[in-house]
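> In this note's numbering, the protein residues as written are 62 to 578.
Just so it is clear, CB atoms sit at the ideal spot from N, CA and C, and this is done for glycine as well.
Just so it is clear, the structure is predicted and the values come from calculations on it, not from any experiment.
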Amino acid sequence: MSCTTTFNVGFSKPLGFRNNFTFHKSSTHLLKTFNLSFTDHSFSLCNSHSSSFRSVLNCVAKSSGQSASVGVVTKNNSKEKVVVLVIGGGGREHALCYALQRSPSCESVLCAPGNAGIASSGNASCISELDVYDGAAVESFCRERGVGLVVVGPEAPLVAGLSNYLGKAGIPTFGPSAEAAALEGSKNFMKHLCDKYNIPTAKYKTFTDPSAAKQYIQEEGAPIVVKADGLAAGKGVTVAMTLEEAYEAVDSMLVKGDFGSAGCRVIVEEFLEGEEVSFFALVDGENAIPLESAQDHKRVGDGDTGPNTGGMGAYSPAPILTKELQSIVMDSIIMPTVKGMSAEGCKFVGVLYAGLMIEKKSGMPKLIEYNVRFGDPECQVLMVRLESDLVQVLLAACRGELSGVSLDWSPGSAMVVVMASKGYPGSYEKGTIIENLEEAELVAPGIKIFHAGTAFDSEGRFIATGGRVLGVTAKGNDLEEARDRAYQAVENVKWPGGFYRRDIGWRALPQKHATKV
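1) Leaving out five residues on either side along the sequence, give the residues of the same chain with a beta carbon under 7 Å from the beta carbon of W470.
2) Work out the CA separation of Q276 and A283 for me, nearest whole Å.
3) Go ahead and label Y414 buried or exposed: buried means 16 or more other beta carbons lie within 10 angstroms of its beta carbon, across all protein chains shown.
4) In the DSSP assignment, the alpha helix (DSSP H) including F250 goes from what residue to what residue?
5) Helix, strand or coil, according to DSSP, for N432 in the structure here?
6) Residues in the same chain with beta-carbon distance under 6 Å from G436, minus the five sequence neighbours each way, listed in chain order, please.
7) Rounded to the nearest angstrom, what separates P165 and D450 at their Cα positions?
8) From the DSSP output, which residues share a beta bridge with T534?
9) According to DSSP, simplified to helix, strand and coil, what is D312?
10) If you follow the alpha helix (DSSP H) that D345 is in, where does it begin and where does it stop?
11) Count the other CB atoms, across all protein chains shown, that sit within 10 Å of the CB of K427; report buried if there are 16 or more and exposed otherwise.
12) Under the assumption that R544 contacts I565 (Cβ atoms under 8 Å), give the Cβ distance between them as a whole number of angstroms.
13) From L238 to A458, what distance separates their C-alpha atoms?
14) Whether or not the region 325–340 and the region 287–294 are in contact is what I'm after, with contact meaning three or more pairs of Cβ atoms, one per stretch, closer than 8 Å; do they touch?
15) Please confirm whether I328 has its beta-carbon closer than 7 Å to some beta-carbon of chain C.
16) Just to confirm, is the Cβ distance from G374 to V477 under 7 Å?
17) Whole angstroms are fine: how far does the CA of F320 sit from the CA of A160?
18) With DSSP as the reference, label S116 as helix, strand or coil.
19) Closer than 8 Å is the cut-off here; do at least three beta carbon pairs connect the region 491–510 with the region 520–531?
20) Compare the beta carbon distance of A185 and V170 with 7 Å and say whether it is the shorter of the two.
21) Could you compute how far the alpha carbon of N96 sits from the alpha carbon of V208?
22) Using CA atoms only, rank isn't needed, just tell me which of I508, E502 and Q453 is closest to E168.
23) Please report the straight-line C-alpha distance between K536 and A481, rounded to a whole angstrom.
24) I'd like to know if the region 225–245 and the region 170–179 are in contact, where contact means that at least 3 CB-CB pairs between them fall below 8 Å.
25) Going by beta-carbon coordinates alone, are V533 and V551 separated by less than 7 Å?
26) Note the first and the last residue of the continuous alpha helix (DSSP H) segment covering D159.
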């Protein structure tokens, strides 16, 4: 069985191997010694030489006044094997690790910082000590561990510019630049883009003066929506059903500073009546391909009541998003955004998560907001249904080669029910003990529990460390079967300190009320 290792080599200067790289005597000797073959982007050699080759390559780069990043891709029977680093430590990242590990071309998955559940599941090796906001530290780690693909899960490292740094170092990174991440980092930026490129969205105005904002709210009337401009962990949106609620939201953001710098500017927009749905597309800078649809449940309480959260559950596919509507979304929202970002000089590479409202009065989609990463918990239901090689798909996006790529999905449906700490999205107790997770995964076929906010206590038991803690996910032949399996698993989790919604999927299914923890 033949086995070679390909080194994806990124240099600090934009030099290609074939035409621009001048090999010194040591380099020529290196070619003969290691029996190298090479392309524009990589060297290949026998595995027996791989460890010594890396040190020699670094010497060659240094002699050329450069630095080199080396990503390892092992080829075994013509299948590429890539070491993948996932940035983040929540339920979304657990789901990404799970899907990446299942990819035929994945050598291994590393996750920084990860969490206790990711580590114990065997879906990835967790690197808790790596500072994911330190680009130099992440680059150094990638070189040391031969990482051939970095997948950035959360929005904060993207907005901080991690993709910019790693991209300059030649490390394939799935996730947009800081400039492109402004689609999520600033709702005002997103709204201006919609205006300029005729992307359908709610009518709005932006304010920094609370009095002016309140005057506009009084003119428009309730219900009305008030949003913090910046990142607020999914909690910076108030759907105000009365004028008083809207005024309080303005004061919270602009006067009290409850959201810090994220709330120093607010967007006040019209209330859209209809059904909310999530639409995801993979983007390579110029091209985009749709993922399957999913529907989130933002409100904390049954029947979509109570304050907004990061998401209390989701299912896929979403029946409301028909093939015809998906085509309309791609043509009127996604592609104008991709082309607009390119025209603005900040090409978008990564996943575009469009929060849409299918308007009741028109039946047509309008853009509510963009996120620049996989949604949480939508990512969980998408990743358990994905059957394509995720590593190769994300590498194609990094290389600008998504045109013509199609994705394979398992038939049937998937549902995730989020279990959260009591009190969420307000204050909640940390450190409550969670038991019976392994048994809960085995109560029915197709169940996977993703960890969002867990750690181990001194006795090795799982404890809750966050607001949203577990994503109990199940597949089924249809949505009803997926729901029944998910709630069967939820009811077997022993966690007195947690709660969950009992009606995930209520818009698409007749209700069966589960028993609350």
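Straight from the coordinates:
1) Correct list, in chain order: E353, R446, L447 and E448.
2) If you take the alpha carbons of A283 and Q276, they lie about 12 Å apart.
3) Burial is judged here by how many other beta carbons sit within 10 angstroms of a residue's own beta carbon; Y414 has at least 16 and is buried.
4) Unbroken alpha helix (DSSP H) run through F250: K248 to K257.
5) Reduced to three states, the DSSP call for N432 is strand.
6) Around G436: S339 and Y414.
7) Cα to Cα, the separation comes out at about 6 Å.
8) DSSP, once it has assigned bridges, lists V477 and K509 as partnering T534.
9) Collapsing the DSSP output to three states places D312 in a helix.
10) Unbroken run through D345 is the beta strand (DSSP E), G335 to D345; no alpha helix (DSSP H).
11) That one is buried.
12) That belief holds up - the Cβ atoms of R544 and I565 are roughly 7 Å apart, short of 8 Å.
13) According to the sequence provided, residue 238 is Ser. The question's Leu does not apply to it. Using only the alpha carbons, I get a separation of about 14 Å.
14) Output reads yes: the region 325–340 touches the region 287–294.
15) Given the protein chain composition of this structure (a single chain), no chain C is represented.
16) Yes, Cβ-Cβ distance for G374 and V477 is below 7 Å.
17) Looking at the backbone, the Cα of A160 and that of F320 are separated by about 34 Å.
18) Because the pLDDT at S116 is just 46, under 50, the model does not fix this residue reliably, and the value given afterwards should be weighed accordingly. DSSP, read as helix, strand or coil, puts S116 in helix.
19) Touching, yes, given that three or more Cβ pairs across the two stretches are closer than 8 Å.
20) Yes, the pair counts as a contact, with Cβ atoms nearer than the cut-off.
21) Low local confidence applies: a pLDDT of 39 at N96 is under 50, so the model's placement there is unreliable, with the coordinate-based value given in what follows. Between the alpha carbons of N96 and V208 lies a gap of roughly 23 Å.
22) Of the listed residues, the one whose Cα sits closest to E168 is Q453.
23) K536 and A481 have their C-alpha atoms some 21 Å from each other.
24) Contact between the region 225–245 and the region 170–179 is not established, with fewer than three Cβ pairs separated by less than 8 Å.
25) Taking 7 Å as the Cβ cut-off, V533 and V551 qualify as a contacting pair.
26) What sits at residue 159 in the sequence shown is Tyr, not Asp. Membership of Y159 in the alpha helix (DSSP H) is indicated by the continuous run G152 to R163.
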